[in-house]
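Engineer:
Protein chains: 2
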Amino acid sequence: MRAEVLPKIVRIRDITLRDGFQNIKEWIPSETKEEVVDALVAAGVASVEATSFVSPRAIPQLADADRIARYILEKYPRVEVLALVPNMRGAQNAANAGISAVSYNISASEPHNKANINRTQAESLADLAGISGALPDLAINLSMSMVFGCPFIGKIPLDSVLQLTKEACKRGASSVTLCDTIGVANPLQVQALLEVFRAEFPELPLSLHMHDTHGMGLANIFAALQMGVTTFETAAGGLGGCPFAPGAAGNTSSEDALNMLNRMGIATGVDLPKFLEAVAVIKQKIPVPLPGRLAAARPYFEFDF
Amino acid sequence: MRAEVLPKIVRIRDITLRDGFQNIKEWIPSETKEEVVDALVAAGVASVEATSFVSPRAIPQLADADRIARYILEKYPRVEVLALVPNMRGAQNAANAGISAVSYNISASEPHNKANINRTQAESLADLAGISGALPDLAINLSMSMVFGCPFIGKIPLDSVLQLTKEACKRGASSVTLCDTIGVANPLQVQALLEVFRAEFPELPLSLHMHDTHGMGLANIFAALQMGVTTFETAAGGLGGCPFAPGAAGNTSSEDALNMLNRMGIATGVDLPKFLEAVAVIKQKIPVPLPGRLAAARPYFEFDF
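This is the structure:
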């Protein structure tokens, strides 16, 4: 059931550094990434996905994972730092850098899991068990991609999502992020899925990662707020997105989400004008289009509408 | 109170031809506009704002108002055709062209009304009374701009919106469009306003016109659907918008709205793939950016998510 009152506090986990940057071809110098970190934290961002500990052959842009992770952990000990890891080696490298929480990706779609990480879901689950066994102090967040639809097979049965969550939790995942990787979810679908998911896993910490590919990012976040979700992954400028559709919008823009939350009286701990300064740093230093709306418009910070 | 079930049928009034085109500097040949009309109607669009009967000195792009209105009325007698009129002369010209329903704009903000149409709200209301007196067969829709916020004074008191509606209805308005002209409304604000507005005017036909300037267009439409609103004004490609913030997004994109409605199982009577053909005509013939999301992405029409 939808709540009549929205949450009073929401956490934005900014994923610019990982999902926002990973598909940018031109190398972003580590110093620039660190400058972006500084600007994000200066704005009050308290949770970031810092990087991915992945083969530099797979994602050259994140070859400086160790450096960026250590930079944030050492300079900003109070910021929650997650890193994406694809496998045991990545998890070990993350732990060696001092990371205490990783996101481990499994796709809700078997064909996408195979295409993306060249494994079956069963193999991914076995690897997860290995990681949690070998690194018992590492918190593992299941980042489940394609939950709301898959470019290969379309609709994902809700049972698959529930089953995969259950199996991952058995093997050491202690939280989950439900991802609309291709940005096709609609608000009713989000609410219907969350209603069942929440009933099945009432205690499991939950976050959402809704791409804005079809323009429904904020509508889906609003729908999820009505279902009590309080953590969302978003990227500055709306960077990132799906390689299947070049030119399409990427992640839901952090500043657009923060603006909607602010306007609705929901506390985020982030200073939005300062966050726009971080977007300005990105815009100045990294020559890629920023599809987010707010940064291209007059924000009207002087008015309380 | 929000309904647990959304409306089953929603009408999209496409306003590409008026709000979408009016700020485009380069002249769009009347033949091109007619081609766009043909493509929109071929997709199943059943309601359009065709043009504005306004001085060509004020809006040169709509100098062919009479031709475009007559084109649609004669070729597509079953399509609902509205035209925006700023004053008595415009209303008379619209009526002479065969138009049976006009939108008459008054701003919810007195300073914006003066800046936009060089009149007080009282003068606008007096003119409205004159129009309805002189043209009793003309249906007059009050198009109220800046309802959710004004670039000059910020917050608009809800009482002003209710009072202006009441006064306009006394003087002959028989329906109202509430406009978020600068795209700053948030979903909670939309629901709070609609709750009071609906209680005050339960029988008054109501539509919404939500710009996407800050990315909240679809979120606000979803919020309004939860309050039972069934008519929305949108523009193909997300064309149009507010001259105060160049580069910012404009109207909520018709195809993005149609896609969200389709995905939620709400009937619109519009064939979305064909609507994208209309967007393609615009893209090919009119060299302006189209900020809408769906037309830049893979739409996944092959899948029911």
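Those protein sequences? They're chains A and B, same order as listed.
The numbering of the first sequence is the numbering used here, which starts it at 1 and goes up by one.
The numbering of the second sequence is the numbering used here, which starts it at 1001 and goes up by one.
Ideal Cβ positions, reconstructed from N, Cα and C, are used throughout, including at glycine.
Can the beta-carbon of T177/A be found closer than 8 Å to that of S132/A?
Structural biologist: Start at 1 with the first residue of the first sequence, and residue 177/A comes out as number 177. Start at 1 with the first residue of the first sequence, and residue 132/A comes out as number 132. No.
Engineer: First and last residue of the alpha helix (DSSP H) that includes M88/A?
Structural biologist: Stepping through the first sequence from its first residue, residue 88/A is reached at position 88. DSSP places M88/A inside the alpha helix (DSSP H), whose first and last residues are 88-96.
Engineer: Kindly list the residues whose CB is nearer than 8 Å to the CB of N1321/B, restricted to its own chain and excluding five residues on each side of it in sequence; keep chain order.
Structural biologist: In the structure as shown, chain B begins at 1001 and stops at 1305. Residue 1321/B is therefore absent and cannot be evaluated.
Engineer: Does the segment 1137-1153 of chain B come into contact with the segment 1165-1183 of chain B, if we say contact requires no fewer than three beta-carbon pairs (one atom in each stretch) closer than 8 Å?
Structural biologist: yes
Engineer: How would you label I1282/B, buried or exposed, when you count the other beta carbons within 10 angstroms and need 16 or more for buried?
Structural biologist: Reading the second sequence from its first residue, position 282 is the one you call residue 1282/B. Under this definition I1282/B is a buried residue.
Engineer: Return the CA-CA distance between G237/A and L1128/B, expressed in angstroms with no decimal places.
Structural biologist: Counting from 1 along the first sequence, the entry for residue 237/A is found at position 237. Counting from 1 along the second sequence, the entry for residue 1128/B is found at position 128. Each residue's alpha carbon lies about 44 Å from the other.
Engineer: For V288/A, name the three-state secondary structure that DSSP assigns.
Structural biologist: Counted from its first residue, the first sequence places residue 288/A at position 288. Note: V288/A maps to coil in three-state DSSP.
Engineer: Report yes or no: is there a C-beta of chain B within less than 8 Å of the C-beta of T231/A?
Structural biologist: Residue 231/A sits at position 231 when you count from the first residue of the first sequence. It does not; no Cβ of chain B falls within 8 Å.
Engineer: What separation, rounded to the nearest whole angstrom, lies between the Cα atoms of A1042/B and A1097/B?
Structural biologist: Taking the second sequence and counting its residues from 1, the one referred to as residue 1042/B is at position 42. Taking the second sequence and counting its residues from 1, the one referred to as residue 1097/B is at position 97. Spanning the two alpha carbons is a distance of roughly 23 Å.
Engineer: Run the CB neighbour count on T1234/B, radius 10 Å, all protein chains shown included, and call it buried at 16 or more, exposed below.
Structural biologist: Position 234 of the second sequence, counting from 1, holds the residue named residue 1234/B. The residue in question, T1234/B, is buried, as its Cβ has 16 or more Cβ neighbours within 10 Å.
Engineer: Quick one, which residues of the segment 109-127 of chain A are near chain B if we go by CB-CB under 8 Å, in chain order?
Structural biologist: Within the segment 109-127 of chain A, no residue qualifies.
Engineer: Against chain B, with Cβ distances strictly below 8 Å, would F148/A count as a contact?
Structural biologist: Here residue 148/A refers to the residue found at position 148 of the first sequence. Chain B contact via Cβ: present.
Engineer: Mind checking the segment 1046-1080 of chain B against chain A and listing, in chain order, the residues whose C-beta falls within less than 8 Å of any C-beta there?
Structural biologist: none
Engineer: Note the first and the last residue of the continuous alpha helix (DSSP H) segment covering R1263/B.
Structural biologist: Taking the first residue of the second sequence as 1, we reach residue 1263/B at position 263. First-last of the alpha helix (DSSP H) with R1263/B: 1254-1263.
Engineer: If you measure from the beta carbon of G1228/B to each beta carbon in chain A, is any gap under 8 Å?
Structural biologist: Within the second sequence, residue 1228/B is the residue found at index 228, counting from 1. It does not: the Cβ of G1228/B has no partner Cβ on chain A nearer than 8 Å.
Engineer: Taking Cβ positions, are G1172/B and R293/A nearer each other than 8 Å?
Structural biologist: Here residue 1172/B refers to the residue found at position 172 of the second sequence. Here residue 293/A refers to the residue found at position 293 of the first sequence. Cβ distance not < 8 Å, so G1172/B and R293/A don't count as in contact.
Engineer: Output yes if chain B places a C-beta closer than 8 Å to the C-beta of Q284/A; else output no.
Structural biologist: Mapped onto the first sequence, residue 284/A falls at position 284. Not closer than 8 Å to any Cβ of chain B, the Cβ of Q284/A fails to qualify, so no.
Engineer: Check whether the Cβ of R1293/B lies closer than 8 Å to any Cβ atom in chain A.
Structural biologist: The count along the second sequence starts at 1 and reaches residue 1293/B at position 293. By this cut-off, R1293/B is an interface position.
Engineer: Which residues bound the alpha helix (DSSP H) around N1116/B?
Structural biologist: Against the second sequence, residue 1116/B aligns to sequence position 116. Its alpha helix (DSSP H) spans residues 1110-1117.
Engineer: Run through DSSP, which three-state label would Y1076/B get?
Structural biologist: The residue given as residue 1076/B occupies position 76 in the second sequence. Three-state DSSP puts Y1076/B in coil, outside helix and strand.
Engineer: Determine, using beta carbons only, whether N1259/B comes closer than 8 Å to chain A.
Structural biologist: To locate residue 1259/B, count along the second sequence from 1; it is residue 259. Answer yes: the Cβ-Cβ gap between N1259/B and chain A drops below 8 Å somewhere.
Engineer: Would you list the one or two residues that DSSP bridges to H1211/B?
Structural biologist: Here residue 1211/B is taken as the residue at index 211 of the second sequence, counted from 1. Its beta-bridge partners are N1251/B.
Engineer: What residues in its chain sit with their C-beta under 6 Å from that of T230/A, if we drop five residues either side in the sequence?
Structural biologist: As a working mapping, residue 230/A is identified with position 230 in the first sequence. Around T230/A: P7, V10.
Engineer: Report the three-state DSSP secondary structure of N1186/B (helix, strand or coil).
Structural biologist: Taking the second sequence and counting its residues from 1, one reaches residue 1186/B at position 186. Residue state, collapsed to three classes: coil.
Engineer: Going by beta-carbon coordinates alone, are G250/A and L258/A separated by less than 8 Å?
Structural biologist: Against the first sequence, residue 250/A aligns to sequence position 250. Against the first sequence, residue 258/A aligns to sequence position 258. Cβ atoms of G250/A and L258/A: not closer than 8 Å.
Engineer: Using a Cβ-Cβ cut-off of less than 9 Å, give me the residues of the segment 1159-1189 of chain B that come near chain A, in sequence order.
Structural biologist: I1182, G1183, V1184, A1185, N1186, P1187, L1188, Q1189
Engineer: By how many angstroms is the C-alpha of K1285/B removed from the C-alpha of W1027/B?
Structural biologist: Against the second sequence, residue 1027/B aligns to sequence position 27. Against the second sequence, residue 1285/B aligns to sequence position 285. Straight across, the Cα-Cα distance linking W1027/B with K1285/B is about 11 Å.
Engineer: Have a look at the DSSP bridge pairing and note the partners of Y104/A.
Structural biologist: Start at 1 with the first residue of the first sequence, and residue 104/A comes out as number 104. Looking at the DSSP output, Y104/A bridges to V85/A, L142/A.
Engineer: Report, in whole angstroms, the separation of the C-beta atoms of P1202/B and S1175/B, which I expect to be a contact under 8 Å.
Structural biologist: As a first step, residue 1202/B is located in the second sequence; it is residue number 202 there, counting from the start. As a first step, residue 1175/B is located in the second sequence; it is residue number 175 there, counting from the start. Actually they are not in contact, since the Cβ atoms of P1202/B and S1175/B sit about 13 Å apart, beyond 8 Å.
Engineer: How big is the Cα-Cα spacing for N1220/B and N1186/B?
Structural biologist: Here the question's residue 1220/B lines up with position 220 in the second sequence. Here the question's residue 1186/B lines up with position 186 in the second sequence. Their Cα atoms are separated by approximately 6 Å.
Engineer: Against chain A, which members of the segment 1210-1228 of chain B pass a CB distance test of less than 8 Å?
Structural biologist: D1212, T1213, H1214, G1215, M1216, G1217, L1218, A1219, I1221, F1222, A1223
Engineer: Cβ closer than 8 Å: which chain B residues qualify as neighbours of K155/A?
Structural biologist: One-based indexing of the first sequence puts residue 155/A at position 155. Within chain B, the residues near K155/A are F1303, D1304, F1305.
Engineer: Please tell me whether S107/A has its Cβ less than 8 Å away from any Cβ of chain B.
Structural biologist: Within the first sequence, residue 107/A is the residue found at index 107, counting from 1. No, S107/A does not count as interfacial toward chain B.
Engineer: In three-state terms, what does DSSP make of G1237/B?
Structural biologist: As a working note, residue 1237/B is residue 237 in the second sequence. Helix, per DSSP.
Engineer: Is the beta carbon of L125/A closer than 8 Å to that of N105/A?
Structural biologist: Here residue 105/A refers to the residue found at position 105 when the first sequence is read from its first residue. Here residue 125/A refers to the residue found at position 125 when the first sequence is read from its first residue. No, these two residues do not count as a Cβ contact at 8 Å.
Engineer: Residues of chain A with CB closer than 8 Å to the CB of M1264/B, please, in chain order.
Structural biologist: Working through the second sequence from its first residue, we reach residue 1264/B at position 264. By Cβ distance, chain A contributes N186, P187, L188, Q189.
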